[in-house]
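Peer 1:
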Amino acid sequence: MTLPETPGRQLTMDLMASVLQQMPDPTGGGYVGVFEREAAKAFGAPYAVAVSSGTAAIHAALAACGIGPGDEVLVPALTVVMTVAPIAALGATPVFIDSDPATLDLDYDDAAGKLTPRTKAIMPVHLWGRMGDPTALTRFASVHGLAVVEDAAQAAGTAREELGAGTVGTVGCVSLKDGKIISSGEGGFLLTASAEIAEHASAFRSHWQPAPRGEAPQSRLATNSRLADPLAAIALANLRRFPALLELRQAQTRMLLEAVDHVPGVSELVPAVGEEWNCFAPLLRIDLANPRGFAELLASQGVPSSTGSFRLVPCDTRPMFASADRMPCRGAAQILDHTIAVVLTERDNEATLERYAAVITREARAWVG
Ligand SMILES: Cc1ncc(COP(=O)(O)O)c(C=O)c1O
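So the sequence shown is numbered by numbering that gives the first Met the number 0: it starts at 0 and just counts up by one.
#1: May I ask you to list the residues that DSSP assigns as paired with E71?
#2: Quick check on the DSSP output: the beta strand (DSSP E) that includes R361 runs from which residue to which?
#3: Can you tell which of A164, H199, D99, G53 has its C-alpha closest to the C-alpha of S66?
#4: What residue ranges within the region 239 to 322 form continuous alpha helix (DSSP H) runs of no fewer than 4 residues, ordered along the chain?
#5: Could you round the C-beta distance between L14 and A243 to whole angstroms and report it? I think they count as a contact, below 8 Å.
#6: If you measure between the beta carbons of V341 and S304, is that distance less than 8 Å?
#7: Buried or exposed: which applies to D24, given that a residue is buried once 16 or more other Cβ atoms fall within 10 Å of its Cβ?
#8: Using 8 Å as the threshold, is the C-beta distance between A39 and L73 below it?
#9: Does DSSP put D24 in a helix, in a strand, or in coil?
#10: Taking the straight line between their C-alpha atoms, what separation do you get for R138 and A44?
#11: L343 and A280 - do their beta-carbons sit closer together than 8 Å?
#12: Quick one, which of V142, P313, A135 has its alpha-carbon nearest D97's?
#13: Return the bridge partner residues of I339 from the DSSP annotation.
#14: How far does the beta strand (DSSP E) with E149 in it extend, from its first residue to its last?
#15: Here's the rule: buried if 16 or more other CB atoms are within 10 angstroms of the residue's CB, otherwise exposed. What is N348?
#16: Would N223 be called buried (16 or more neighbouring beta carbons within 10 Å of its own) or exposed?
#17: Look up V31 in the DSSP assignment and say whether it is helix, strand or coil.
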C-alpha cells in the first residue's frame, strides 16, 4: 500500500506572498473573511468565526452561549485541559462526566445524575476524531434545556448520521494547531447556525468590536483572540486542500493499523457502525501488562502518542480539578490507560509508518510489563 499524493504547498506560498505584500495592514487584512466564508461552506454551517486557537474558539463559544459565574457545564473527563480551562476562565464550574469504554461516547446516565438547576451546557469532546452518537446528544440536551458546545478540535471531517462533527450542537469548535488535519501553525474557528452566537463570538474575539447588533462597540470587556491574516492565509490554503489532506490522514492511519494487525496484545479500536471517521490518529487498544508503561516505552523509541508522549490523564484527576468528595471517572481512566493514539502529521510518509509499525511489533513481542 502506498499513500496518496497530496497537492503541493504552492497555494500556501502564493497566498503568503500576497499577504506579506499587503503587510503591515492595521485593518487586519482580508484573508480572515475569505477563510470564514469558505470554512462555513465546507463544513455546511451558516456561520464560521475565525480565532487565534481552538482554546479561544471554545472560550468565545461558551461566552456566546451566556456561560458565566455560577453556571455548571457538563464536560467529559476524557479530554485535554484545553477543553476545560475556558469554562473556569469564564467563572463557571466544570462538572466531569464519565465515558463508556465500549463506545468512547458520553455516559449519559452519569451525566443525568450530575444535572443541577445550575447546569447550562454540555460539551461533547470528539477526542481522536470520534464523535459519539449525535441523536443521543441532541435528545439529552433538548430534554434538559442545555446548550451544546462541541469540542471538535480534532474532528474536522468526521460525520455520523450525515451530521458533520462541529455542526450538531449550538456551536462547534475546531482547532487549526499544527498536527490537526487542517492547520495554520496556531488558530481555530467556531461553527454555528445562530447569527446571534456568531455576532457575539466575533465581538468577543476583538474587544467587543464590532459589537453585536443593538450594542455599542467596546461596551463590554472581552479579549483579543483574532486570527492574524498570515495565519488565515495558511488556513485558507489548507482548507482548499482539505479533501486531499483528509484522504491522506485516512490512508496513513489505515496503513499503520493494518501493519500492526496481528501484534499480540494490540488491537484496533474500531469506530462505531455508521461513523465516517476522519482517522485523526491510529487508535490502538493495548491489552498488555502496564499499558501506560508500554506507551511510554514506544514514545522513547520514537513512536509519539497522546498517553506515551503527552501523559494524557482524565481531566478530573488533574490537580486543579481533583476533589476527594467526588467519584473519579473510571471509564475515562480505563480508556486512557489502554489506548495509544499515535500522533501523525501530513509529513509522515510510508517509511515513518513502517518504522512505527516495526517498533510497535518488536516491543509488544518483548514486553513483560
Ligand atoms: C480536544 C482538544 N480540545 C481543544 C484543543 C485546543 O486547541 P488549541 O491547541 O488550538 O488551542 C485541542 C488542541 O490540541 C484539542 O486536542
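Cβ coordinates follow ideal geometry from the N, Cα and C atoms, glycine included. Note that the coordinates shown come from a computational prediction; the quantities given were computed from them, not determined experimentally.
Peer 2: From the atom records:
#1: On the sequence shown, position 72 is the one that residue 71 refers to. Answer by DSSP bridge pairing, in chain order: T92, T118.
#2: Position 362 of the sequence shown, counted from the first residue, corresponds to residue 361. Unbroken run through R361 is the alpha helix (DSSP H), 349 to 365; no beta strand (DSSP E).
#3: Looking up residue 66 in the sequence shown gives position 67. The sequence given here places Ile at residue 66; Ser does not occur at that position. Looking from the CA of I66, the closest CA among A164, H199, D99, G53 belongs to H199.
#4: Counting only unbroken stretches of 4 or more residues, the alpha helix (DSSP H) elements lying wholly within the region 239 to 322 are 241 to 258, 290 to 299, in sequence order.
#5: By one-based count along the sequence shown, residue 14 stands at place 15. By one-based count along the sequence shown, residue 243 stands at place 244. Contact flag wrong, Cβ pair sits at about 17 Å.
#6: One-based indexing of the sequence shown puts residue 341 at position 342. One-based indexing of the sequence shown puts residue 304 at position 305. For the pair V341 and S304, the CB atoms are nearer than the 8 Å cut-off.
#7: Working through the sequence shown from its first residue, we reach residue 24 at position 25. By the neighbour-count definition (other C-beta atoms within 10 Å, threshold 16), D24 is an exposed residue.
#8: For this step, residue 39 is matched to residue 40 along the sequence shown. For this step, residue 73 is matched to residue 74 along the sequence shown. With contacts defined as CB atoms closer than 8 Å, A39 and L73 fail to qualify as a contacting pair.
#9: For the purposes of this step, residue 24 is taken as residue 25 along the sequence shown, with counting starting at 1. Under the three-state reduction of DSSP, D24 is assigned to coil, being neither helix nor strand.
#10: Here residue 138 refers to the residue found at position 139 when the sequence shown is read from its first residue. Here residue 44 refers to the residue found at position 45 when the sequence shown is read from its first residue. Approximately 20 Å, taken between the alpha carbons.
#11: In the sequence shown, the residue the question calls residue 280 occupies position 281. In the sequence shown, the residue the question calls residue 343 occupies position 344. At a Cβ-Cβ threshold of 8 Å, A280 and L343 count as neighbours.
#12: Taking the sequence shown and counting its residues from 1, one reaches residue 97 at position 98. Taking only the C-alpha atoms, the option nearest D97 is P313.
#13: Sequence index remark: in the sequence shown, residue 339 carries index 340 (1-based). Answer by DSSP bridge pairing, in chain order: L283.
#14: Residue 149 sits at position 150 when you count from the first residue of the sequence shown. Segment 146 to 150, the beta strand (DSSP E) holding E149.
#15: Against the sequence shown, residue 348 aligns to sequence position 349. By the Cβ neighbour-count rule, N348 is exposed, with fewer than 16 other Cβ atoms within 10 Å of its own.
#16: Along the sequence shown, one-based indexing puts residue 223 at 224. Burial call: exposed.
#17: Along the sequence shown, one-based indexing puts residue 31 at 32. Under the three-state reduction of DSSP, V31 is assigned to helix.
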